[in-house]
Structures are given as structure tokens and as C-alpha cells.
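A quick write-up on the structure given underneath.
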DNA sequence: GTCTATACGCGGATAGAC
DNA sequence: GTCTATCCGCGTATAGAC
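Chains as they are written, first to last, in the numbering used here: chain Z, 883 to 1070; chain C, 883 to 1070.
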């Protein structure tokens, strides 16, 4: 079945556009055109741009969690799992579809749109902290390691790595940043 | 002299708006209103939005370099200077005025606007790498430390820390991320 | 469900008067 | 240098026909 429903196509178009251009830079017109749907059709299925964005962001957030869980709940030492997460294949220059929303004033000003962003990062930091705490308690990592702070560092390296890569127009600084933090973690 | 020139006020307004709302989210109208300048006045001094943005971004980039230099060229060991840079007072929730431009498709698509962003981050990574290399060569830091990768990590932690802080609506995760990376660096 | 028509203000400027 | 007038298309819908 390649015929996806119209609401589905609208959501997917919105996801892409939010990722590429952000909320402010994404217009209902552009969404409709990319989805191959008419004006009336869009407003029949969704009440407007915020409604569509909510559906799109929710779907992206779910997908992200699932991807992270697959790695962090997998086998291996704590360091191996964190390393696998950091080194996982990524389209570096596109950046993080959730992280970029953080820069969008209209998203952050709307509590409904903001919530999934906030929750996703809170969950991610927590999950990483749990893995790191486990590693420390098993003696795989230094006893003095602060799981919460280190988890924040790891997530920040990713999010900041995207910024550096986009600034440079190359994925290289992203990978350098990841290598750098892994080197530090490995010697602890 | 409290009477700043009109072009100056226009540039300052543009800087603020670019920081708060990004390029796509900033309109000439909004710039004029914030600067208390008329339409005709704005278009007399600047050829349009890109021209103003170029002036604004250039000024912000210069300011940022000056601030960094003041710390990194100061006294202290490498680790002390990097630490001072990471811990310097910041308006965390506002984010980085240069880093945020990285998410703006219209900025990145215009080579003239993009250049200062690219150059600022290239310079910053280089400068930090030099400090770290110095520290390593003096034996203050581990001999195995990779200055380039570690510099990328440090800058990424800052840029990503802003993302986490904005997502959380609190500066706390930013400070955690900084603490985390400094703890790792201190034990190397 | 989808289409077309219509609306109103904003974005981003240009033109010409003062 | 600054002001006002004018322009054209887009953003973001609503209304009602089919």
C-alpha cells in the first residue's frame, strides 16, 4: 500500500519543513504543496498551522525516543552504549529535528508545542544518566563520575556538534566533538 | 552623548531581533519600529534586510571575538583559561547570537551572511585548540590529548548547553553540561 | 472530503515629495 | 535624510459550493 492518507502526507510534509526551515519559516501553503493536498483539504483535517505542527512534532519526538532506546537498552558496557549512541549514523548537516525547535520563538511561546520538546530532552538526559550511573556502579567508569552532569555533557556535545557542522558546512567538527568527548570519557 | 546615529540604532535593533527571532522571523518593519526610525530612513541607510543583517552580524561577531580573546589571552594555566571561558557569565536562556544563525536557512543560503558565522566558529575552535595544545605541551594536560577534537568538544558543549537550557526553560542543564566536561578535563 | 472564492494584513520593497 | 504613498505577492485563514 503506497497510498498514504492525506492527513499522513500533511504531517510528513510538515515534519520535513519544520526540520529544514523551522516553524516561523514554514507556511501552510508550502505544506500543502509538498503534500500534494489542497487548501480546503488541509483545513478540513487540521485546524491550522499549530495543530499540524503539534502532530508533526509529536511524531518526530516518538521516533527519536524509539531510536535512542534501541541503542541504550541494547547490550554492551555503559561506555559502549553511550559510544554507540554518539557514533550512530546521522545526517549531521540537517541537524536535530527536535533541537532546532528550541530556537523557534513561536514554538517556545506555545506551551502545547513546547511540551514535547521539553519532555524529549528531559527524558534523554535521564536515560543517559541512568546508563552512566549503571556503568559507574559496576566499576566500568570512574567512581567520581557525576551521571547527571555527564549526561548533559553528552547530549550537549551532540546538539552543539550540529551547530559546528552547519557553521562549517561540513560534518567534520561534529565528529571531532564526538571523538573529543569519547576520548575524555574513556580515560575516566 | 546619548544620541546615537540612526544607522547605529538600526543595526542595534537588528542585532536584538536576529538574536531573539532569527533572520526569517525578523521583518524590516519590526526593525524600524524598535529603532524608532521610519521606512524611508531605513532604506536610505541600508539597501534592505540582507544589508542590515550583514552589518548586525558583523558587529556581533566582532564583539564575541573580543570577549573570547580577553579570557583566552589572559593569565592562568590552559585549564584555568578554558574553565574561565566556559564559566563566564552568560545570559544562558538567550542562547548564542551567532550559533542561532546556523539554524536559519536564509542566512546559510547567502554566502555573505554565512561567512562571518563560519569564520567566527573556525577562529574560536582554533584559538581554543591552541590553548589546549599549549597546556598539553607544558604537561598541564595529558600528553594524549587531541587539541583539535577537544576544542570542538568544548565549543559544542556550550552551543549544545544553550539548546538544553532553552528546551528545559532553565539554565540548569547548561551548567550541568559545563560542569560535566570540566570534570572530565580536570582528570586528564 | 475537496475545491474555489474571498479577505485582510504583513513582508519587503520602490518612488517621489519635502 | 526622512516622510508618505503605493505596489504585489504571501501568510493564514474563513465561507460556501460541489
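Even glycine gets a Cβ: it sits at the ideal position worked out from N, Cα and C.
ask   = Comparing the C-beta of residue 974 of chain C with each C-beta of chain Z, is any distance below 8 Å?
value = no
message = Quick check on residue 930 of chain C: does DSSP put it in helix, strand or coil?
response = coil
key: Proximal residues of chain C, C-beta to C-beta of residue 981 of chain Z below 7 Å   = Result: 1045.
ask   = Any contact of the stretch 1044 to 1054 of chain C with the stretch 898 to 908 of chain C, i.e. 3+ C-beta pairs under 8 Å?
value = no
key: Residue-chain proximity (residue 1013 of chain Z, chain C), Cβ-Cβ < 8 Å   = Answer no: the Cβ-Cβ gap between residue 1013 of chain Z and chain C never drops below 8 Å.
inquiry  = If distances are taken between C-alpha atoms only, which option among C/944, C/1021 and C/1055 comes closest to residue 1003 of chain Z?
reply    = C/1055
Best match in C/893, C/894, C/1070 and C/906 for proximity to residue 987 of chain Z [C-alpha to C-alpha] = C/906
ask   = Does the pairing of the stretch 940 to 960 of chain C with the stretch 934 to 947 of chain Z give three or more beta-carbon distances under 8 Å?
value = No, the stretch 940 to 960 of chain C is not in contact with the stretch 934 to 947 of chain Z.
message = If contacts are defined as beta-carbon pairs under 8 Å, then residue 1041 of chain Z and residue 981 of chain Z qualify, I think. What distance do you get, rounded to the angstrom?
response = 5 Å
ask   = Can you find a C-beta in chain Z that's less than 8 Å from the C-beta of residue 946 of chain C?
value = Taking 8 Å as the CB threshold, residue 946 of chain C stays off the interface with chain Z.
request  = Kindly indicate the opening and closing residues of the alpha helix (DSSP H) around residue 910 of chain C.
outcome  = 910 to 917
key: Where residue 959 of chain Z falls: helix, strand or coil (DSSP)   = coil
query = Any idea what DSSP makes of residue 1043 of chain Z, helix, strand or coil?
reply = helix
query = residue 967 of chain C by DSSP, collapsed to three states: which one?
reply = Three-state result, residue 967 of chain C: helix.
key: Backbone secondary structure at residue 1063 of chain C - three-state DSSP   = helix
query = With respect to the alpha helix (DSSP H) encompassing residue 1000 of chain C, which residues constitute its N-terminal and C-terminal limits?
reply = 993 to 1019
task = Below 7 Å CB to CB, which residues in the same chain sit around residue 1013 of chain Z once its five sequence neighbours on both sides are set aside?
result = 954, 960, 963 and 964
message = Let's see if you can read the secondary structure: which residues bound the alpha helix (DSSP H) around residue 1053 of chain Z?
response = Residue 1053 of chain Z: not part of any alpha helix (DSSP H); DSSP gives it neither H nor E.
query = Three-state secondary structure (DSSP) at residue 1069 of chain Z?
reply = Coil, per DSSP.
message = If the criterion is Cβ atoms closer than 8 Å, does the pair residue 1039 of chain Z and residue 1039 of chain C meet it?
response = yes
query = How close, in whole Å, do the beta carbons of residue 1070 of chain Z and residue 1027 of chain Z come, if the pair is a contact with beta carbons under 8 Å?
reply = Distance from residue 1070 of chain Z to residue 1027 of chain Z at the Cβ level is roughly 6 Å; contact confirmed, criterion being Cβ atoms closer than 8 Å.
request  = Report the option in Z/996, Z/957 and Z/921 whose CA atom is closest to the CA atom of residue 932 of chain Z.
outcome  = The residue among Z/996, Z/957 and Z/921 with its C-alpha nearest the C-alpha of residue 932 of chain Z is Z/996.
key: Coarse secondary structure for residue 907 of chain C, derived from DSSP in three states   = Looking at residue 907 of chain C - three-state DSSP - the assignment turns out to be coil, as it is neither helix nor strand.
key: Helix, strand or coil at residue 980 of chain Z [DSSP, three-state]   = coil
query = Does DSSP put residue 986 of chain Z in a helix, in a strand, or in coil?
reply = coil
query = Are any of the Cβ atoms in chain Z nearer than 8 Å to that of residue 916 of chain C?
reply = no
Sequence-distant residues of the same chain with beta carbon closer than 8 Å to residue 984 of chain Z, five excluded per side = For residue 984 of chain Z, the CB contacts under 8 Å within the same chain, skipping 5 residues up- and downstream, are 990 and 999 in chain order.
ask   = What's the C-alpha gap between residue 958 of chain C and residue 903 of chain Z?
value = For the pair residue 958 of chain C and residue 903 of chain Z, the Cα-to-Cα distance works out to about 43 Å.
query = CA-CA distance, residue 968 of chain C and residue 977 of chain Z?
reply = 23 Å
Other residues of its chain near residue 1022 of chain Z: CB distance less than 7 Å, five sequence neighbours each side excluded = 959, 960 and 961
task = Tell me, please, whether the CB atom of residue 891 of chain Z is closer than 8 Å to any CB atom in chain C?
result = no
ask   = Would a check of beta-carbon distances place residue 903 of chain C closer than 8 Å to chain Z?
value = yes
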